[in-house]
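Under this note's numbering, think of the first position of the sequence shown as 2, with each following residue one higher.
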Amino acid sequence: MITVLAPEACSEIGDMAVNKDIQWEKRTYTANDWNGYQIVITAAGRRDVAEDIRKESIAHGFLYNAADFPELGNYTIPASFRTGGIQIAVSTDGRSPAMSRYVKKWLENKIPSDFPRWLDRVEAIRLEVRAGIADSKVREEFWHAAFNDQIMDLVLQGNLDEAEECVRHAIGSFGVKS
């Protein structure tokens, strides 16, 4: 359950509290409020509060994200998206969330529509390779040989069958029947 500590909040927070999607405690943060939480995020706009919580996160080992003062936190929340099994996250190390969002959106528009379908095929091939090549170092060599610009160019051109045929040929060169 997410708990929000804030004397005032936007209407969305109020609605989520009414729907019991979150717990909203209408008050300010006090020492030891972190107790029982594994992740704490602040966005109060008060550096003194952010610094106090930072000290507590160091002393007690919980994850802390200071949205207003990212340099005080011990982790950042990247902008991310998922498309058909491919997940991409972008971070500017807290320096510019707006730029993270922009780069995320830009990348979202760059992922070819065939990539999720190619991923489905690669997943099936991976199972065969794992069953046929016991040595993890040899499997790694196989994937370096099989995942090359020539094959990915075929994928980008929409030639998934031909790309798969090339990968399966590479499997054969490693002594595995596919």
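Think of the CB as a built atom: it goes at the ideal place given N, C-alpha and C, for glycine as much as any other residue.
Alpha-carbon spacing of residue i relative to residue j, whole angstroms
i: tryptophan 35; j: valine 41; result: 7 Å
i: glutamine 39; j: glutamate 52; result: 18 Å
i: methionine 100; j: leucine 73; result: 20 Å
i: alanine 60; j: glutamine 24; result: 26 Å
i: valine 104; j: valine 123; result: 27 Å
i: glycine 46; j: glycine 159; result: 49 Å
i: glutamate 142; j: isoleucine 134; result: 11 Å
i: lysine 21; j: arginine 28; result: 18 Å
i: tyrosine 65; j: alanine 32; result: 15 Å
i: methionine 17; j: tryptophan 107; result: 30 Å
i: glutamate 109; j: aspartate 115; result: 13 Å
i: valine 19; j: isoleucine 78; result: 26 Å
i: valine 5; j: glutamate 26; result: 6 Å
i: threonine 43; j: isoleucine 87; result: 30 Å
i: serine 174; j: proline 113; result: 29 Å
i: alanine 7; j: lysine 56; result: 20 Å
i: aspartate 150; j: alanine 171; result: 14 Å
Endpoints, the beta strand (DSSP E) within which residue i is located
i: arginine 83; result: 80-84
i: alanine 67; result: 64-67
i: isoleucine 40; result: 40-43
i: tryptophan 25; result: 23-26
i: isoleucine 134; result: Note, isoleucine 134: premise wrong, no beta strand (DSSP E); not H, not E.
i: glutamine 88; result: 87-91
i: threonine 4; result: 3-6
Where the alpha helix (DSSP H) containing residue i begins and where it ends
i: leucine 73; result: It is not in any alpha helix (DSSP H) - leucine 73 carries neither H nor E in the DSSP assignment.
i: asparagine 110; result: 98-111
i: aspartate 154; result: 150-157
i: arginine 48; result: 48-61
i: glycine 37; result: No alpha helix (DSSP H) holds glycine 37; DSSP gives it neither H nor E.
i: glutamate 12; result: For the record, residue 12 in the displayed sequence is serine; it is not glutamate. Its alpha helix (DSSP H) spans residues 12-19.
i: glycine 95; result: From DSSP, glycine 95 is part of no alpha helix (DSSP H); its letter is neither H nor E.
Cβ separation of residue i and residue j, assumed to be a contact under 8 Å, to the nearest whole Å
i: isoleucine 152; j: valine 139; result: Actually they are not in contact, since the Cβ atoms of isoleucine 152 and valine 139 sit about 19 Å apart, beyond 8 Å.
i: arginine 102; j: alanine 68; result: About 14 Å; that fails the 8 Å criterion.
i: glycine 95; j: proline 117; result: With 8 Å as the limit, glycine 95 and proline 117 do not qualify as a contact, their Cβ atoms being about 30 Å apart.
i: tryptophan 119; j: valine 156; result: 5 Å
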